[in-house]
Amino acid sequence: KIKGGLSINVPRGASANASIRYVKGFPVLSGPYVGGLPAPYGNGLGGVEDYVIYDLNIGYDLSRWYNGMRIDLIGQNIFDNRHREFIGAPKIGRLGMARLTLNM
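Just so you know, we're using our numbering here: the sequence shown kicks off at -19 and counts up by one.
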């Protein structure tokens, strides 16, 4: 697994974070999901394939209007690289979120 990122903070309260994650493929060797082994031990599913994910977070500090408040727009897997993180699990695609944080 390899991860890297870049963060930018602007004096007026804006920020942006971008990251990239690479996960090398691997065989699955647990429970009913054992793959890559000859019959009767394997299930023919193989393993998890390599994947690369790009994430982006853009945020703004709203403290000048309401103390301790911040808003973030978060995009995970922004290029929609559909992949499995475990054999037997559904493929994961793009995910977008908005977060409003209030520190009291």
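Note that beta-carbon positions come from the ideal geometry of N, C-alpha and C, so glycine has one too.
N(-3), enclosing beta strand (DSSP E) - first and last residue: A(-6) to V3
Where does N(-11) land, buried or exposed, given buried means 16+ other C-beta within 10 angstroms? exposed
Check the C-beta distance from A(-6) over to Y40 and give it rounded, since I have them as a contact under 8 Å. 5 Å
When you compare only the Cα positions, how much space is there between Y31 and E65? 9 Å
Using C-beta distances below 7 Å, list every residue in its chain close to G5, excluding the 5 sequence neighbours before and after it, in chain order. So the qualifying residues of the chain are G27, V28, E29 and D30.
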